[in-house]
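Protein chains in written order, with this note's numbering: chain Y, 1 to 144; chain G, 1 to 144.
Built from N, CA and C at the ideal position, the CB exists for glycine as well.
None of the values given here were measured: they were computed from a predicted structure.
One structure below.
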DNA sequence: ATTTTAACTGAAAATTATTTTCAATTATTT
DNA sequence: AAATAATTGAAAATAATTTTCAGTTAAAAT
């Protein structure tokens, strides 16, 4: 379920948006980091490494645009900043160690089932969700 | 599983913290708003209404302290600020309308089960989680 | 191909949320 | 009642994000 540039181009243009080089570069970086949700600042740093000139403001704007058209998910690690990751259609849940900050990703998921029941029960049309677990990783449990 | 002032006092003192009037007032406000996660600013406004003089800094510090001792949960609605709610031991999941901003709470929960399996699988010790659903409420679905 | 136009960009300024600092105060222990 | 270590709050600092606006550019129209 990975997104291709062609598909992305279609998605962008069909909504009256333009496919700019900046948007392309940002998308590529998110694809390269598919297992690692990035902050806007993080995306910006990687853009700079790949030498392209893209402003931080544009990074913020592009991430929000990508979220709106369903290409990325919004993730929170309770550390004071937003993170974004490519939406590959798979569940994307995290285990965040409150001690060392390590982040593990898990695919285990009851959420789809839960979402369907919720939609029936509440008449909400659910388009996104965000689930993170906080606690202590196996190493920090020993260290404490 | 509601928290009493006595229990709170014990929890605070046993860890070497002091039970100050400010902490008491903030706790009371969180209890009064048990179904409605508040931002630090939101807590601060309510403190002011009830006439008590408590600084915003103290609100921030107290909320973080309460989270550390397990009295409140940390919640995110992807709107740029942190929210806190009393931890009553029950699941606390939200449906947030991306259009009108309405927040519904649901008790439906597979999370406990998921958490147990995750702990076994990953050797993580999970102490908190945060789950929110985003989408469109029944009214906004029609309006769009 | 050229023109047109509405969308887009980026630097700087503004805003908002949160954290730090530090001197004065206060809850609890002795 | 005195000692002490934690706590408070105002102000300053920091960090994340948004807004503004003049100049640029992708894509539609000619």
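Legend entry - Listed by chain order, chain G residues near residue 135 of chain Y by CB distance under 8 Å: As a working mapping, residue 135 of chain Y is identified with position 135 in the first chain. Ordered by position in chain G, the residues that pass the 8 Å Cβ test against residue 135 of chain Y are 124, 125, 126, 127 and 128.
Legend entry - Euclidean distance between Cα positions of residue 6 of chain Y and residue 74 of chain Y: What you label residue 6 of chain Y is simply residue 6 of the first chain in a count that begins at 1. What you label residue 74 of chain Y is simply residue 74 of the first chain in a count that begins at 1. Going from the Cα of residue 6 of chain Y to the Cα of residue 74 of chain Y covers about 23 Å.
Inset, instruction - Going by CA-CA distance only, name the one from Y/10, Y/94, Y/54 and Y/71 that's closest to residue 118 of chain G. - result: For the purposes of this step, residue 118 of chain G is taken as residue 118 along the second chain, with counting starting at 1. Taking only the C-alpha atoms, the option nearest residue 118 of chain G is Y/94.
Inset, instruction - Could you pull out every unbroken alpha helix (DSSP H) segment of at least 4 residues lying fully inside the stretch 13–43 of chain G, listed in chain order? - result: Correct list: 21–32.
Inset, instruction - Say whether chain Y places a C-beta atom closer than 7 Å to the C-beta of residue 95 of chain G. - result: To locate residue 95 of chain G, count along the second chain from 1; it is residue 95. Judged by the 7 Å Cβ criterion, residue 95 of chain G is in contact with chain Y.
Legend entry - Extent of the continuous alpha helix (DSSP H) run through residue 2 of chain G: For this step, residue 2 of chain G is matched to residue 2 along the second chain. No alpha helix (DSSP H) contains residue 2 of chain G, which DSSP labels as neither H nor E.
Inset, instruction - Taking 8 Å as the threshold, find out whether the stretch 130–144 of chain Y comes into contact with the stretch 19–26 of chain G through three or more Cβ pairs. - result: Not touching, per the Cβ criterion.
Inset, instruction - Anything in chain Y within Cβ reach of residue 141 of chain G, meaning under 9 Å, just list it in chain order. - result: To locate residue 141 of chain G, count along the second chain from 1; it is residue 141. Going along chain Y in sequence order, the residues near residue 141 of chain G (Cβ under 9 Å) are 123, 124 and 125.
Legend entry - Anticipated Cβ contact below 8 Å, residue 40 of chain G with residue 25 of chain G, distance rounded: For the purposes of this step, residue 40 of chain G is taken as residue 40 along the second chain, with counting starting at 1. For the purposes of this step, residue 25 of chain G is taken as residue 25 along the second chain, with counting starting at 1. At roughly 14 Å, the Cβ-Cβ gap does not stay under 8 Å, so residue 40 of chain G and residue 25 of chain G are not in contact.
Legend entry - residue 47 of chain Y, DSSP secondary structure in three states: Indexing the first chain from 1 puts residue 47 of chain Y at position 47. Helix.
Legend entry - Within 7 Å, strictly: CB atoms of residue 43 of chain G and residue 31 of chain G: In the second chain, counting from the first residue as 1, residue 43 of chain G sits at position 43. In the second chain, counting from the first residue as 1, residue 31 of chain G sits at position 31. No, the Cβ-Cβ distance between residue 43 of chain G and residue 31 of chain G is not below 7 Å.
Legend entry - Supposed close pair residue 11 of chain G, residue 71 of chain G - CB separation, criterion 8 Å: Within the second chain, residue 11 of chain G is the residue found at index 11, counting from 1. Within the second chain, residue 71 of chain G is the residue found at index 71, counting from 1. With a Cβ gap of about 7 Å, residue 11 of chain G and residue 71 of chain G count as contacting.
Inset, instruction - Going by CA-CA distance only, name the one from G/142, G/35 and G/67 that's closest to residue 105 of chain G. - result: Locating residue 105 of chain G in the second chain gives position 105, where the first residue counts as 1. Checked all of G/142, G/35 and G/67; the closest Cα to residue 105 of chain G is G/35.
Inset, instruction - Compare the Cα-Cα distances from residue 139 of chain Y to each of Y/100, Y/67, Y/111 and Y/92 and report the closest residue. - result: The sequence position of residue 139 of chain Y within the first chain is 139, counting from 1. Looking at the Cα atoms, Y/100 is the closest of the given residues.
Legend entry - beta strand (DSSP E) segment containing residue 86 of chain G, residue limits: The residue you call residue 86 of chain G lines up with position 86 of the second chain. Unbroken beta strand (DSSP E) run through residue 86 of chain G: 82–86.
Inset, instruction - Pick helix, strand or coil for residue 144 of chain Y, following the three-state DSSP scheme. - result: To locate residue 144 of chain Y, count along the first chain from 1; it is residue 144. A caution first: residue 144 of chain Y carries a pLDDT of 48, below 50, which makes its placement in the model unreliable, though a value can still be read off. In the three-state reduction of the DSSP assignment, residue 144 of chain Y falls in the coil class.
Inset, instruction - Give a yes or no on whether 7 Å exceeds the smallest Cβ distance from residue 65 of chain Y to chain G. - result: Walking along the first chain from the start, residue 65 of chain Y turns up at place 65. Not a single CB atom of chain G sits nearer than 7 Å to the CB of residue 65 of chain Y.
Legend entry - C-beta neighbour in chain Y for residue 14 of chain G, strict 7 Å: Taking the second chain and counting its residues from 1, one reaches residue 14 of chain G at position 14. It does not; no Cβ of chain Y falls within 7 Å.
Legend entry - Which residues DSSP lists as bridging residue 71 of chain Y, in chain order: What you label residue 71 of chain Y is simply residue 71 of the first chain in a count that begins at 1. Residue 71 of chain Y is not bridged to any residue.
Legend entry - Residues bridged to residue 135 of chain Y (per DSSP): Start at 1 with the first residue of the first chain, and residue 135 of chain Y comes out as number 135. Note: residue 135 of chain Y sits in a beta bridge opposite Y/97 and G/126.
Inset, instruction - Determine the chain Y residues that contact residue 92 of chain G at a beta-carbon separation under 9 Å, and present them in chain order. - result: Against the second chain, residue 92 of chain G aligns to sequence position 92. Under the 9 Å cutoff, chain Y gives no residues; its nearest Cβ is about 13 Å from residue 92 of chain G.
Legend entry - Proximity test, Cβ basis, 7 Å: residue 77 of chain Y and chain G: Residue 77 of chain Y sits at position 77 when you count from the first residue of the first chain. Chain G contact via Cβ: absent.
Inset, instruction - Could you check how far apart the C-beta atoms of residue 141 of chain G and residue 116 of chain Y are, in whole angstroms? I think they sit under 8 Å. - result: Walking along the second chain from the start, residue 141 of chain G turns up at place 141. Walking along the first chain from the start, residue 116 of chain Y turns up at place 116. Cβ atoms of residue 141 of chain G and residue 116 of chain Y stay farther apart than 8 Å, at about 16 Å.
Inset, instruction - Tell me whether the beta-carbon of residue 110 of chain G lies closer than 7 Å to the beta-carbon of residue 110 of chain Y. - result: Translated into the one-based positions of the second chain, residue 110 of chain G becomes position 110. Translated into the one-based positions of the first chain, residue 110 of chain Y becomes position 110. The Cβ atoms of residue 110 of chain G and residue 110 of chain Y sit closer than 7 Å to each other.
Inset, instruction - Name, please, each residue of chain G whose Cβ falls closer than 8 Å to the Cβ of residue 4 of chain Y. - result: The sequence position of residue 4 of chain Y within the first chain is 4, counting from 1. Near residue 4 of chain Y there are no residues of chain G at all, since even the closest Cβ is about 26 Å away, more than 8 Å.
Inset, instruction - Note the first and the last residue of the continuous beta strand (DSSP E) segment covering residue 53 of chain G. - result: Looking up residue 53 of chain G in the second chain gives position 53. Here residue 53 of chain G belongs to no beta strand (DSSP E), and DSSP marks it neither H nor E.
Inset, instruction - Tell me whether the beta-carbon of residue 137 of chain G lies closer than 7 Å to the beta-carbon of residue 81 of chain G. - result: As a working note, residue 137 of chain G is residue 137 in the second chain. As a working note, residue 81 of chain G is residue 81 in the second chain. No, the Cβ-Cβ distance between residue 137 of chain G and residue 81 of chain G is not below 7 Å.
Inset, instruction - Please compile the residues from chain Y whose C-beta is within a distance smaller than 7 Å of the C-beta of residue 22 of chain G. - result: Taking the first residue of the second chain as 1, we reach residue 22 of chain G at position 22. For the C-beta of residue 22 of chain G, not a single chain Y residue is nearer than 7 Å; the gap to the nearest is close to 24 Å.
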